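Just so you know, the protein sequences line up as chains A and B, in that order.
Those letters in the first sequence? Residues 1 to 353, per the numbering used here, in order.
Those letters in the second sequence? Residues 1001 to 1353, per the numbering used here, in order.
A virtual CB, placed ideally from N, CA and C, is assigned to each residue, including glycine.
Quantities reported herein were computed from a predicted structural model and do not represent experimental measurements.
So the structure is just underneath, and the comments pick up after that.
Number of protein chains: 2
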Amino acid sequence: MRTGKAGGFLFEADIIGKIRRALASPAASAAPWLRLGLGDDAAILRPCLRQVAPRRPKHRANREWVLSCDAFLEGVHFRLDVHPARDIGYKALARAVSDLAAMGGRPRFFLLNLALPASRTGEWLDDFLAGVREASRKLDMSVVGGDTSRFPQLAINITVGGEVPAGQALTRSRARPGDLIFVTGTLGAAQLGLELHLRGLDRRSLRLALAAHLHPSIHLNLGRWLSGDKPSGPKIASAAIDTSDGLSTDLAHICDSSGVGAQILAGRLPMVRVPKECKRLRLDPQQLALHGGEDYQLLFTVRRGMAYQIPSQYQGVRITHIGEITRGAGIEIVQENGRRERLSPQGWDPFRK
Amino acid sequence: MRTGKAGGFLFEADIIGKIRRALASPAASAAPWLRLGLGDDAAILRPCLRQVAPRRPKHRANREWVLSCDAFLEGVHFRLDVHPARDIGYKALARAVSDLAAMGGRPRFFLLNLALPASRTGEWLDDFLAGVREASRKLDMSVVGGDTSRFPQLAINITVGGEVPAGQALTRSRARPGDLIFVTGTLGAAQLGLELHLRGLDRRSLRLALAAHLHPSIHLNLGRWLSGDKPSGPKIASAAIDTSDGLSTDLAHICDSSGVGAQILAGRLPMVRVPKECKRLRLDPQQLALHGGEDYQLLFTVRRGMAYQIPSQYQGVRITHIGEITRGAGIEIVQENGRRERLSPQGWDPFRK
């Protein structure tokens, strides 16, 4: 169960707590088909097998399904007055797939539930579907089901599924003290892009920041490499998550699930550069990097002895070492002047500061 | 892709057509993990296997996953002023699972996406979750994921998954001329229950009709028997669907998918009995039975030579022979006076006559 973007952290945590208490997952022993239920980026399902003749020699052995669902809502996650339909379609699928990337999965399929007003069923819907199609081709996925309803507000719900090598999915709960913490790409870029987009600042010189907001890159190949899926090998990362809610919140998810703390070095953060022409917006790059949402970067931990395997970039995606996992609880950030501060989860929703 | 409840038939069909054209499913040859994509009650996924040692002798052999998703929306499928939270929770899961029953599947898990206003996160949410829990226990399912967001209107999206014996899922597309058509239970009961509920007529004498609307029974065991899952055996039904949109619409789905027509005998329809105290509402039982939505009965076809196997009831669920599949297109209804009429799909949304 992911925390939603809307509402304060406690508010969301409270709702999720209620859902967990009301609808507890079964013990794995009682459900041999379930490897992992609530509490991660995606659920993991095992195929139920007794004896399978090797009749299909070209099929892969020992794969599990990873499954996740994601809501993308008008006025909460996007605004119809500022976001083009095609971008909404693209992002709706891409952001859902980010949960599969964070598990080290290979995306395969999605189900699309679309609730929309009659006024959006013409050209708007065509453009939206063109965006979904663009993302589905880029991510190599197929639609396999869905539902459609008339509704006063646009509500897009996407369920995504993919494959992982059995037992090798990346989860949030296996970080250990001493593990090094890495993050991909640039932090705060999507948040900066949103700020620019809401202000109509879509000049070519700002294209990179805008792209991070409108067309996030999903690092599927890196995720699969970290889970040992491609090329086939041992699992490399000990824990992983995608930075959908912001570094401070998503790192807290790893720490909470693993029962550990973390120390982050401010000077190492791959912070977004705020362009000169945006100086008057008074955006603090460190705040954007720590708490800005929707970057969809991979945040992962690696055992210290394995860290030599992590390159500074993987297929063009920058990877930065930003800190390490510690004993105890809570996240500490060490500023460049040496001051140590407590970092509390302040990931937030773009539309409700 | 199921047709939604909202909007006229052509309107929905048009949207679904757009989605299908924009996001075509891959050919099965290009996706060995996919047995069935768009166009039925649920998608069917195969496990990807090469060589699996028989290490887990207690697991079932050769199972496939069936997967479906369903939206349950405020003002479209339920009204907060007349439907109690607990009933909304129960029905949200039960109606989603009906799609698995129609495939002959055994339900296993669900993902719950909940978009709701802050004002509903207190007692209302507790009651809603109690209803979901009641349904999940009755249906023997586990929550494995989800998402939660703040949103002005309640929008519930549920993805459900279950297992079927490989190759034996019931689909819409295998009905053949000469097959006999059967339906379970009573038709029009949920629609009658809705009419009574909206008028505040919740007397004990009307309990049965109200229950059909508020707490639909999902005929999982019968579905599994028809697919040959329990007890293990050959598939019995040639095609199946659940009557979520109304008999006239759902039978049309089978006919369209199978490229056949159908003849229904009006005198054989297991029509709901409209109680005397409701006479002034002028509800026509045949219209309720043909076009009333949300009964969640199983509508299925059986090869003529297999029909002797179909009992008049199965574990207390009545099964009625109502007609047969014919060559050509379209559905004909034969009235008790012998008059033959064309039956067009007029399943409708309870809230928008």
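Are the segment 237-246 of chain A and the segment 263-272 of chain A touching by the rule of at least three beta carbon pairs closer than 8 Å?
-> Here the segment 237-246 of chain A makes no contact with the segment 263-272 of chain A; the two share fewer than three CB pairs at distances below 8 Å.
What number of angstroms, rounded off, separates the C-alpha of L1343 of chain B from the C-alpha of Q346 of chain A?
-> Distance between L1343 of chain B and Q346 of chain A, taken at the CA atoms: about 58 Å.
Starting from the C-beta of R1327 of chain B, find all residues in its chain whose C-beta is less than 6 Å away, skip the five residues before and the five after it, and write them out in chain order.
-> Within the same chain, P1177 come within 6 Å of R1327 of chain B by CB-CB distance, once the 5 residues on both sides are set aside.
Along chain A, in chain order, which residues have C-beta atoms closer than 7 Å to that of W1124 of chain B?
-> What W1124 of chain B touches in chain A: nothing, since even the nearest Cβ is about 11 Å away.
Could you tell me if Y1296 of chain B is buried or exposed, where buried requires 16 or more neighbouring beta carbons within 10 angstroms of its beta carbon?
-> Y1296 of chain B should be labelled buried.
Nearest chain B C-beta to F151 of chain A closer than 9 Å, yes or no?
-> By this cut-off, F151 of chain A is an interface position.
Under 8 Å (Cβ pairs) to chain A, residues found in the segment 1154-1168 of chain B | Listed in sequence order: A1155, N1157, T1159, G1161 and E1163.
When Cβ atoms are compared, which residues of the segment 1088-1112 of chain B fall closer than 8 Å to chain A?
-> Answer set for the segment 1088-1112 of chain B: R1108, F1109, L1111 and L1112.
Is R1207 of chain B buried or exposed, if buried means 16 or more other CB atoms sit within 10 Å of its CB?
-> R1207 of chain B comes out exposed.
Opposite L1112 of chain B in the DSSP bridges: which residues?
-> Beta-bridge pairing links L1112 of chain B to B:G1146 and B:I1158.
What is the rounded straight-line gap between the Cα of R1303 of chain B and the Cα of L1180 of chain B?
-> The straight-line gap from Cα to Cα measures roughly 6 Å.
What's the C-alpha gap between T1171 of chain B and V1076 of chain B?
-> Those two C-alpha atoms are separated by around 27 Å.
Using alpha carbons as the reference points, say which of A:E64, A:I319 and A:L111 lies closest to P32 of chain A.
-> Here the closest residue by C-alpha is A:E64.
Can you tell me the Cα-Cα spacing of G105 of chain A and L1288 of chain B, whole angstroms?
-> Rounded to whole angstroms, G105 of chain A to L1288 of chain B spans 47 Å at the Cα level.
When we look at the beta-carbon of L1281 of chain B and count the other beta-carbons within 10 Å, is it buried (16 or more) or exposed?
-> Exposed, since its Cβ has fewer than 16 Cβ neighbours within 10 Å.
Sort out for me which residues DSSP pairs C1255 of chain B with in a bridge.
-> Looking at the DSSP output, C1255 of chain B sits in no beta bridge, so it has no partner there.
Compute the beta-carbon to beta-carbon distance between E1341 of chain B and L1283 of chain B, rounded to the nearest angstrom, for a pair I have assumed lies under 8 Å.
-> The pair is not a contact, with the Cβ atoms about 20 Å apart (cut-off 8 Å).
How about L1080 of chain B: is its C-beta nearer than 9 Å to some C-beta of chain A?
-> Not a single CB atom of chain A sits nearer than 9 Å to the CB of L1080 of chain B.
Mind checking the segment 211-230 of chain A against chain B and listing, in chain order, the residues whose C-beta falls within less than 9 Å of any C-beta there?
-> So nothing in the stretch comes that close.
Under the rule that 16 or more other beta-carbon atoms within 10 Å means buried, what is R21 of chain A, buried or exposed?
-> R21 of chain A counts as exposed, since fewer than 16 other C-beta atoms from the protein chains shown sit within 10 angstroms of its C-beta.
Could you tell me if G145 of chain A is buried or exposed, where buried requires 16 or more neighbouring beta carbons within 10 angstroms of its beta carbon?
-> G145 of chain A is buried by the Cβ-count criterion.
Cβ-Cβ distance between N1157 of chain B and D1040 of chain B below 9 Å | No, they are not a contact pair.
Where do the ends of the beta strand (DSSP E) carrying A190 of chain A lie?
-> Secondary structure note for A190 of chain A: it is in no beta strand (DSSP E), and the uninterrupted alpha helix (DSSP H) holding it is A189 to L198.
Complete runs of the alpha helix (DSSP H) confined to the segment 74-142 of chain A [at least 4 residues] = The DSSP assignment places complete alpha helix (DSSP H) segments of no fewer than 4 residues inside the segment 74-142 of chain A at 85-102 and 123-138, in order along the chain.
Any chain B beta carbon closer than 9 Å to T121 of chain A | Chain B places a beta carbon closer than 9 Å to that of T121 of chain A, counting this residue as a contact.
Alpha carbon of V1082 of chain B to alpha carbon of L1116 of chain B, nearest angstrom | Straight-line Cα distance between these residues: approximately 17 Å.
Short CB-CB distance (under 9 Å) between V52 of chain A and chain B | Confidence is the limiting factor: at V52 of chain A the pLDDT is only 42, short of 50, which leaves the residue's position unreliable and the question unanswerable from this model.
Hey, G161 of chain A and L1139 of chain B: beta-carbon distance below 9 Å or not?
-> It is not a contact, given that the beta carbons lie outside the stated cut-off.
C-beta atoms of L1222 of chain B and T1184 of chain B nearer than 9 Å | Taking 9 Å as the Cβ cut-off, L1222 of chain B and T1184 of chain B qualify as a contacting pair.
Within chain A, the residues that L1139 of chain B reaches when beta carbons sit closer than 8 Å | Within chain A, no residue comes near L1139 of chain B; the closest Cβ sits about 12 Å away, beyond 8 Å.
Could you spell out the range, first to last residue, of the alpha helix (DSSP H) harbouring H213 of chain A?
-> H213 of chain A -> alpha helix (DSSP H) spans R207 to L214.
Consider the Cβ of D998 of chain B: report whether some Cβ of chain A lies at a distance smaller than 9 Å.
-> There is no way to answer for residue 998 of chain B, as the model of chain B reaches only from 1001 to 1353.
Can a CB atom of chain A be found closer than 9 Å to the CB of L1170 of chain B?
-> Not closer than 9 Å to any Cβ of chain A, the Cβ of L1170 of chain B fails to qualify, so no.
Interface positions of the segment 1264-1287 of chain B facing chain A (Cβ-Cβ less than 8 Å), listed along the chain = Residues: none.
What are the boundary residues of the alpha helix (DSSP H) that R1046 of chain B is part of?
-> DSSP places R1046 of chain B in no alpha helix (DSSP H); its state is neither H nor E.
Measure the alpha-carbon distance for I310 of chain A versus E324 of chain A and round it to whole angstroms.
-> Cα-Cα distance, rounded: 14 Å.
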